[in-house]
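These notes are about the structure you will find just below.
Listed below in structure tokens is the structure:
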């Protein structure tokens with residue numbers, strides 16, 4: 001009992017005589033708690049936001065009476081992980097875990113379960129209707145005259161979600177008195193897309209290798225898989241597409257399906273289903289067939305058998321994600337069929353098993369379009385109404401490709417008969433990779449709150465995505481994961497916030513990103529307002545800063561070719577015009593910007609008229625999208641009163657200045673956070689500062705060759721001549737497509 | 001002072017009134033020590049053998065009087081890291097760090113330094129002669145009538161090595177009374193070869209990505225680099241070749257040299273020099289020249305300028321490792337020059353800066369040889385005496401390629417005028433990758449102790465390598481690193497032992513591998529004899545087990561093509577005969593084995609006559625090399641009295657049985673080690689068991705098609721038919737050449 005257990009090892013019991021023995025006997029519960037802490041972690045970020053370090057003593061005293069006893073059944077795997085998480089979390093936060101009891105017998109009991117798993121809940125008159133399969137409520141009640149807290153749901157996974165919410169209340173220092181919380185997810189499928197290859201390379205990954213060690217699966221189940229599942233469950237993510245959308249058909253072979261099944265077994269207790277990216281030509285590559293034509297009965301039979309084989313191994317398999325006829329991937333068009341033909345064929349074989357097809361709308365044809373912006377809309381809108389009801393069309397937030405800022409994709413609102421799934425990018429392909437502090441919450445929020453006007457004012461993208469606008473039974477949000485083998489999971493400490501905010505907004509697309517940022521900071525770093533406030537300010541200003549120093553005023557797609565690292569506004573030539581920068585910025589001696597107005601490519605007309613009118617008008621278009629929709633003279637005036645050229649330079653400089661402000665702010669927070677994380681973030685901010693300057697200088701040097709205008713008063717000239725920037729090469733930058 | 005510091009964060013001081021306050025005030029030094037422990041790690045293997053967990057209380061009491069005070073100057077970086085390591089190590093092991101003092105003032109002082117750094121050492125009459133630049137002594141002395149311990153050296157790095165030795169004494173529970181230890185390395189260059197590409201892919205790497213994050217260097221210096229340096233310094237490794245021998249010339253560009261210089265800065269305090277693999281054609285690839293002819297004055301000038309550029313950044317740069325004219329790499333032969341021409345040209349430009357060239361002898365020509373075994377000898381022996389004196393020729397331990405067991409390379413002893421550097425492989429390319437428990441110490445030891453008879457009996461490989469046989473001024477041992485980003489560094493817990501034993505044998509090639517194994521087990525896991533003894537037995541038997549279940553009786557090169565994962569004795573065809581298995585085993589209806597006798601390829605004659613005679617004689621050749629040197633009938637008798645066929649099957653089965661014994665032994669050690677590491681090792685042993693069976697079954701099924709003999713009584717037939725094994729494919733097995 002009094003053995004000092006440090007880090008899980010039993011050390012021999014010291015003699016109980018003498019001074020040490022007397023001291024040992026005097027040892028209080030507090031010491032025991034200290035010694036029995038779960039194995040402590042270095043402050044390396046591995047724990048993410050599930051960082052159950054002891055709360056301030058006053059908070060512990062305040063919370064303990066509410067959490068004296070835990071009544072949580074543990075007869076299913078999901079029940080067990082919920083109970084373990086509560087014991088771990090409360091034990092860490094409070095310094096001692098609550099006593100576990102089969103039934104409430106003391107003040108401060110916490111009851112966690114469903115009416116089926118915990119009969120004591122049945123008599124409390126809890127209104128569980130409307131919570132659905134995944135919702136929960138947390139309520140302060142009285143039981144036999146004693147105060148108690150219930151975390152109740154209709155399903156085990158609902159109770160698990162509620163358990164994480166309860167822990168979050170402590171982590172964010174919320175009161176536990178008079179609780180009356182109800183939560184149910186507004187979106188059904190909340191899914192991570194891992195762009196992970198079978199050799200563990202991660203496309204657009206900046207945080208090490210794939211966390212899936214395919215070579216050692218199914219025999220070795222890395223404990224990290226469990227921590228991955230915990231983190232996802234804590235924010236309500238309920239699906240994971242394990243492999244890259246640029247898919248390898250091998251994943252569908254028996255050897256790999258055994259590995260997938262093993263992972264599914266780890267994730268299942270946490271309410272997470274696995275999905276796979278299916279290569280459309282798999283019947284040819286691993287099936288020995290000479291076609292993958294979706295209307296060919298033999299092809300259909302192959303997929304039907306494959307689905308049966310998968311479900312025999314993984315009864316709750318989620319379904320397929322498909323990237324077809326895009327960037328060289330095979331698809332139904334190779335056989336003269338439509339996207340609907342392809343999606344429906346797969347949907348047909350999955351339907352009997354309850355699976356779905358997530359069919360990506362990120363397509364562009366082999367021919368170079370006059371404006372790539374228009375292509376997905378052009379191809380998909382005519383298909384609205386022709387998809388089976390277990391098909392979702394997965395649409396990137398904007399029409400180009402995860403640029404620092406894009407207007408919402410014109411498909412949102414334009415396919416009312418089809419559930420449109422949002423595809424956000426969590427990994428920062430175009431946003432500085434892992435090192436730049438860019439909190440994506442405001443970007444996600446901006447898109448979700450954008451009004452499509454599809455069914456009149458208030459037809460926000462969020463309402464399209466959650467299915468409420470058009471009354472869809474299924475709905476989904478996908479995020480391209482930023483998770484890898486790096487110790488801190490996401491490549492940097494602040495990039496964890498992007499995983500977090502993605503999950504929180506997938507659960508509730510109406511949350512505001514500032515609230516989520518504050519929540520995350522409190523859970524991850526510190527609840528000290530002197531820390532929380534400036535750090536949240538850093539986060540909330542960080543996206544605009546990146547837009548400013550990379551692609552201000554609606555510029556886009558100006559990154560280095562292929563790897564997308566650093567500025568490359570001069571990129572031209574190569575296989576396709578729409579893979580160059582000059583295609584997008586269209587700078588000339590006179591002006592800059594892509595004319596997508598009715599007198600240009602007319603992409604604006606893909607938006608509902610009230611939106612199109614605004615985007616079409618250079619005076620009314622949000623200035624952040626000015627050059628996205630308009631080609632404007634260098635000397636034209638913008639709202640600040642500056643010329644376009646001056647404003648452009650001003651915004652580049654403003655972005656750099658914002659990073660400098662973040663550096664100063666962070667330097668001032670030394671001592672508010674452990675030295676280890678403070679140091680890494682400080683170094684990463686220095687990299688961001690250097691690269692922001694590089695972006696500004698290279699971009700200004702380049703665009704000045706067109707504008708031939710002087711820099712505004714007080715603006716420093718680029719550090720190097722343009723040729724210096726153009727000569728930089730990064731053949732080994734991470735994340736490029738293999 | 002009484003703040004409870006947990007994991008480096010300051011928590012608010014709890015009120016000092018009340019029960020908690022009284023308890024706090026009663027808190028003893030022991031509690032303080034517990035609370036102030038360096039950030040505790042999960043038992044995930046990250047700490048390697050530098051695992052400074054508290055010793056048993058009795059041991060602590062025994063050691064503390066010897067370690068009451070630390071007198072260690074800290075005015076140079078190396079002095080500082082030595083002092084920090086001692087404070088960290090002693091603090092962890094003893095529960096409290098010794099007091100730091102400028103001069104010894106109490107009993108139990110530990111003095112660490114050089115006569116220059118610590119004048120108190122000067123008067124002690126220590127015999128530091130003969131310790132050289134890197135040696136040290138540890139001695140119990142009396143100072144002003146008080147017992148003390150000195151760790152003295154001629155250099156800071158010697159004192160650092162001595163500090164690690166002192167810690168090792170505690171970790172292995174050695175007495176600290178009457179110490180009188182002298183240590184100096186027997187080999188000058190003790191170098192890790194990282195086969196790491198610039199995109200972080202590791203060739204033959206089974207432990208994640210390269211630990212060098214080139215993309216974030218030089219701005220972000222991962223703390224892991226420091227822990228890497230600590231681990232290496234603790235075993236005396238003093239050099240690291242940072243990039244793959246299949247080299248990319250980019251490493252020599254200014255952008256990468258800035259990154260290399262940053263790493264050199266981290267490693268320098270630990271006595272570790274950086275080296276680079278130089279691509280011989282770099283003057284063409286990054287220099288814009290149209291030749292890399294080593295006799296071309298412009299090429300020579302390019303390299304001279306490049307060397308100057310490197311040394312301007314890295315004054316203690318170690319030099320170049322070169323793989324030339326081998327497996328497609330460019331080299332001097334491309335320009336009609338010899339290996340010596342190439343090596344000497346580079347040596348010439350490095351000499352003024354003190355650098356060396358490590359020129360690899362692992363070569364084979366474009367033409368298929370009658371016996372690849374002979375090629376390195378054939379090409380290099382004629383060059384003996386023609387290399388500059390700062391050239392070492394780096395020779396793999398055997399003539400083929402890091403097979404599970406090879407006879408020593410015939411070059412050892414055959415080039416007396418040239419320093420021959422040993423190249424061992426630490427990563428287990430042909431030995432089960434990361435999962436198989438195979439301790440390489442006995443394999444290294446077998447080679448080092450092999451007698452070349454080059455200068456009469458006793459001319460061991462160790463004496464060739466350490467330079468003592470032929471009186472060379474420089475000497476070296478290289479190990480192809482098994483280090484990656486995996487949390488446990490090496491892909492498995494036991495693979496850490498191979499890094500460890502490599503370093504220890506590089507320091508002293510006459511150490512025996514069992515002693516090193518025991519040392520490692522005590523430092524890494526537990527000093528409990530009930531644990532140490534069986535685990536050392538597992539380790540010591542593990543290499544023979546792997547040889548048995550993979551390539552018994554001298555068979556070799558039978559692995560799957562390319563990736564080398566699993567059995568592929570049937571591999572034939574493809575670009576070169578000497579890249580197939582059938583080239584090496586030469587099984588026929590009548591017999592099996594490669595006839596390298598005087599009536600065969602005559603490779604035996606590359607050894608000194610006393611060795612050649614033994615290898616040439618099927619009755620005298622060690623049975624472990626029988627089929628390496630002889631083609632033998634299936635029905636011939638071996639020493640056991642069995643037929644060759646029966647013995648082959650017997651050895652395959654014996655290998656599997658040994659793994660089963662390891663499994664049982666390990667299962668019985670549950671509770672002697674933390675659950676986390678016990679579990680992973682248990683799972684890895686299960687993989688090893690499965691794969692050993694696979695090796696046995698596939699090999700027997702295949703060779704039986706030649707022998708057409710029944711299995712011996714009691715031997716189970718293969719689980720599957722041969723075609724099953726031949727059909728297995730592993731396109732994404734890790735570590736294959738890119």
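Protein chains in written order, with UniProt numbering: chain A, 1 to 738; chain B, 1 to 738. Heads up, the beta-carbon is just placed ideally off N, CA and C, and yes, glycines get one too.
Near residue i, which residues of its chain fall below 6 Å by C-beta distance, leaving aside the five closest residues on each side in sequence?
i              : result
residue 91(A)  : 97
residue 570(B) : 702, 726
residue 733(A) : 563, 565
DSSP three-state label for residue i, please.
i              : result
residue 415(B) : coil
residue 374(B) : helix
residue 183(A) : strand
residue 243(B) : coil
residue 232(A) : helix
residue 703(B) : helix
residue 716(A) : coil
residue 209(A) : coil
residue 554(B) : helix
residue 428(B) : coil
residue 467(B) : coil
residue 579(B) : helix
What does residue i pair with, by DSSP beta-bridge criteria?
i              : result
residue 592(A) : 632(A)
residue 140(B) : 149(B)
residue 320(A) : 276(A), 357(A)
residue 364(A) : 326(A)
residue 567(A) : 559(A)
residue 396(B) : 423(B)
residue 191(B) : 239(B), 478(B)
residue 391(B) : 357(B)
residue 456(B) : 454(B)
residue 196(B) : 202(B)
Excluding the five sequence neighbours on either side, which residues of its own chain have a C-beta within less than 8 Å of the C-beta of residue i, listed in chain order?
i              : result
residue 253(B) : 286
List the whole-angstrom C-beta distance separating residue i from residue j, where the pair is believed to meet the contact cut-off of C-beta under 8 Å.
i              : j              : result
residue 656(B) : residue 549(B) : 6 Å
residue 50(B)  : residue 230(B) : 6 Å
residue 482(A) : residue 207(A) : 6 Å
residue 487(B) : residue 196(B) : Not confirmed; about 18 Å, so no contact.
Excluding the five sequence neighbours on either side, which residues of its own chain have a C-beta within less than 7 Å of the C-beta of residue i, listed in chain order?
i              : result
residue 306(B) : 252
residue 383(A) : 338, 339, 340
residue 555(B) : 585, 627
Check: Taking the runs of the alpha helix (DSSP H) that are 4 residues or longer, which of them lie wholly in the segment 610-694 of chain B?
Finding: 626-629, 644-667
Checklist line | Every unbroken beta strand (DSSP E) within the segment 474-537 of chain A, with a cutoff of 3 residues, ordered by chain | finding: 476-480
Next item on the list: Go through the UniProt domain "Alpha glucuronidase N-terminal" (48-166) of chain B residue by residue and report every complete run of the alpha helix (DSSP H) that reaches 4 residues or more, in order.
Entry: 57-63, 77-94
Notebook entry, point to check: In chain order, which beta strand (DSSP E) runs of at least 3 residues are fully inside the segment 247-296 of chain A?
Noted result: 273-277
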